[in-house]
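Participant: Mind the numbering: the sequence shown is residues 892 to 1347 in our numbering, read in order.
The structure's right below; bear with me while I get my questions together.
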Amino acid sequence: NADLLQKRLGRLNRFGLGTSFRDGKDAGTDPRGWVKAQIRQARRVPARLSGFRTSDDLITDIYIAGLERDSRAKREIVQKLRKEFDAEIDARGQEMISTHTPFAERMVMFWSNHFTVSTANHKIAPAVASFEREAIRPHIFGRFVDMLKAATRHPVMLEYLDNHVSVGLNSAAGQRRVARNGVETTLNENHARELLELHTLGVNGGYDQTDIVELAKALSGWSHGGIAKGNDADTIHGRFDFKDIFHEPGPKTVLGKTYRENGEAEGLAILEDLAASPSTARFLATKLVRHFVADHPPRNAVDQIAAVYMKTGGDLAEVSKALVDLEAVWAEPQPKVKSHYELVLAVHRASSERELASGDLLAPLEALGHVPFSAPSPAGWADTASAWIAPEALMRRVEWLRSFSSAMPSMRFPGKFLDDTIGPIASDETRNWVSRAPSQDVALAAILASPEFQRR
């Protein structure tokens, strides 16, 4: 029936990444079961991505390049790192286009955006894709606290938010810096602020500036092996490194709870408590419901997801299942506008039957201004329609879709393509535009540029 057809399409778009050419008309008779079958706690990095180098290797090379005095040698290292990054972006996109578990890939994108790292920090740019592979992918259906710890401790995040050089004022290194430079503070609060505002409690989560400072003290010394301790015997590496000479001594009080001096363990204990906070549960639930239900999240849906989070101790598998079971998520067929990246993926999933060539993804994403891992701030990419379909952005979309359609295979019949992609929800107006199109490529462009294809 029409309702089941809409739900089949909904599971391919809302919970997936768009209809694949493999799906055809038979999208399954149990949409919720199809989504839930992808929720498995033990997840491996896909084979397509498993051959890329670790952040340890990449950050080591970045810092070695920084020390290289031979300009030619430095340039060769930088070029190699850039090629590796571009290759991983291509592989990531190809994985999301060809995957049989698109809900899992959507959750990778969601949580990677939640814990944004960006090439806006040019120094760490070549390693940002490794952050998603190492800190996000293994935990999308695990416990939130484990993802939080992995993301917060990851060298790419520490460098992106300047924590790698955050030094406690009363630490050994801090006192030397004061004596040498006469500075009043050596602490960097960026990571602590974003951890509270963007990663856990949310801007209205009940913390204040004092909590930010105290958390920054607890995180001082969380760095990586690219930053030398001052000993000539130190070996450069790209792994997490707790530098006790940077760490602010003494107890810290965050959100009214005092944590005794305990080195790295102070920060880990605070992360445990932040992950267990009702404010964190509600903040995450709001973002998840906004992503899957509507730009303006219904309060009762947020309440339900937050309750599951608290009941299960932040078990993201159970939270994900609860999202699938929300009645609100199935009520409207297409309440959300696809981001530029989602649109490009959806177009290729609907039309591509081959491995993409280098540039097939990056070229349109660069033109649309949505290259992965290039968010302009730690807040990540917006998750509301206004960010993606402003007039200029919509025009750029349509121009690319017209160009793409003109290059599609001649055996792609518009009528079948429409039925396989947006058929159950295609309006009479869209069908008329397609049927009256003067050529096949114009008809295909009309399908891809239709309001139905632009939404999920």
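Heads up, the beta-carbon is just placed ideally off N, CA and C, and yes, glycines get one too.
Any idea what DSSP makes of residue 1133, helix, strand or coil?
Facilitator: strand
Participant: Would residue 948 pass as a contact of residue 972 if the rule is Cβ separation under 8 Å?
Facilitator: no
Participant: Work out the CA separation of residue 1219 and residue 1190 for me, nearest whole Å.
Facilitator: 11 Å
Participant: Do the region 1195-1214 and the region 1175-1186 make contact, defined as three or more Cβ pairs closer than 8 Å?
Facilitator: Per the Cβ contact rule, the region 1195-1214 is in contact with the region 1175-1186 (3 or more Cβ pairs under 8 Å).
Participant: Please report the straight-line C-alpha distance between residue 925 and residue 1162, rounded to a whole angstrom.
Facilitator: 34 Å
Participant: Quick one, are the C-beta atoms of residue 1052 and residue 1165 less than 8 Å apart?
Facilitator: Not closer than 8 Å, so no.
Participant: By DSSP, does residue 1150 sit in helix, in strand, or in coil?
Facilitator: strand
Participant: Could you tell me which residues DSSP puts in a beta bridge with residue 1346?
Facilitator: 1228
Participant: Apart from the five residues on each side of it in sequence, which residues of its chain come closer than 6 Å, Cβ to Cβ, to residue 1292?
Facilitator: Here the set comprises 1336, 1339, 1340.
Participant: So which of 1267, 1035, 1250 has the shortest CA-CA distance to residue 981?
Facilitator: Of the candidates 1267, 1035, 1250, the one whose C-alpha sits nearest the C-alpha of residue 981 is 1250.
Participant: Determine the burial state of residue 1094: buried for a count of at least 16 other Cβ atoms within 10 Å of its Cβ, exposed for fewer.
Facilitator: exposed
Participant: So within the region 1045-1130, which uninterrupted alpha helix (DSSP H) runs reach at least 4 residues, ignoring any that extend past its ends?
Facilitator: Scanning the region 1045-1130 for uninterrupted alpha helix (DSSP H) segments of 4 residues or longer gives 1046-1051, 1063-1072, 1081-1085, 1100-1110, listed from N- to C-terminal end.
Participant: Tell me which residues share the same chain as residue 908 and place their Cβ nearer than 8 Å to its Cβ, disregarding the 5 neighbours each side in the sequence.
Facilitator: 987, 988, 990, 993, 996, 997, 1233, 1236, 1237, 1240
Participant: My parser needs the alpha helix (DSSP H) runs of 4 or more residues fully inside the region 992-1048; what are they?
Facilitator: DSSP runs (the alpha helix (DSSP H)) wholly in the region 992-1048: 993-1005, 1019-1022, 1035-1044.
Participant: CB residue 1212 to CB residue 1347, shorter than 8 Å?
Facilitator: No, the pair does not count as a contact, with Cβ atoms beyond the cut-off.
Participant: Go to residue 1193, then tell me how far its alpha helix (DSSP H) extends in each direction, as first and last residue.
Facilitator: First-last of the alpha helix (DSSP H) with residue 1193: 1190-1203.
Participant: Which whole-angstrom value describes the C-beta separation of residue 1267 and residue 1011, a residue pair presumed to lie in contact below a C-beta threshold of 8 Å?
Facilitator: 6 Å
Participant: CA-CA distance, residue 1288 and residue 1296?
Facilitator: One Cα belongs to residue 1288, the other to residue 1296, and the distance between them is close to 12 Å.
Participant: To the nearest whole angstrom, what separates the beta carbons of residue 1046 and residue 1129, a pair I think is in contact under 8 Å?
Facilitator: 6 Å
Participant: Leaving out five residues on either side along the sequence, give the residues of the same chain with a beta carbon under 6 Å from the beta carbon of residue 1026.
Facilitator: 1041, 1042, 1045
Participant: Smallest Cα separation from residue 920: which of 932, 903, 936?
Facilitator: The shortest Cα separation from residue 920 among 932, 903, 936 belongs to 903.
Participant: Check residue 1144 in the structure and name its three-state DSSP category.
Facilitator: strand
Participant: Taking three-plus beta-carbon pairs below 8 Å as touching, is the region 1080-1088 in contact with the region 1096-1108?
Facilitator: yes
Participant: Going by C-alpha distance, which of 1274, 1279, 1270 is nearest residue 1256?
Facilitator: 1279
Participant: Give me the Cα-Cα distance between residue 1319 and residue 1308, rounded to the nearest whole angstrom.
Facilitator: The alpha-carbon atoms of residue 1319 and residue 1308 are separated by roughly 16 Å.
Participant: To the nearest angstrom, how far is the alpha carbon of residue 930 from that of residue 1024?
Facilitator: 18 Å
Participant: So residue 1154 and residue 1132 are supposed to be a Cβ contact under 8 Å. How far apart are they, rounded?
Facilitator: That belief does not hold up - the Cβ atoms of residue 1154 and residue 1132 are roughly 13 Å apart, past 8 Å.
Participant: From which residue to which residue does the alpha helix (DSSP H) around residue 967 run?
Facilitator: 962-989
Participant: Among all the DSSP beta bridges, which residues are the ones paired with residue 1206?
Facilitator: Per DSSP, 1034.
Participant: If you draw a straight line from the C-alpha of residue 1210 to the C-alpha of residue 1127, how long is it?
Facilitator: 40 Å
Participant: Suppose you measure from the CA of residue 1168 to the CA of residue 1003; what does that come to, to the nearest Å?
Facilitator: 21 Å
Participant: Alpha carbon to alpha carbon, what distance is there between residue 1304 and residue 1096?
Facilitator: 53 Å
Participant: According to DSSP, is residue 1177 helix, strand or coil?
Facilitator: Residue 1177: helix per DSSP, three-state reduction.
Participant: Go to residue 1296, then tell me how far its alpha helix (DSSP H) extends in each direction, as first and last residue.
Facilitator: Looking at the DSSP string, the run of the alpha helix (DSSP H) that includes residue 1296 is 1282-1297.
Participant: What three-state label does DSSP hand residue 920 in the structure shown?
Facilitator: DSSP places residue 920 in coil when its eight states are reduced to three.
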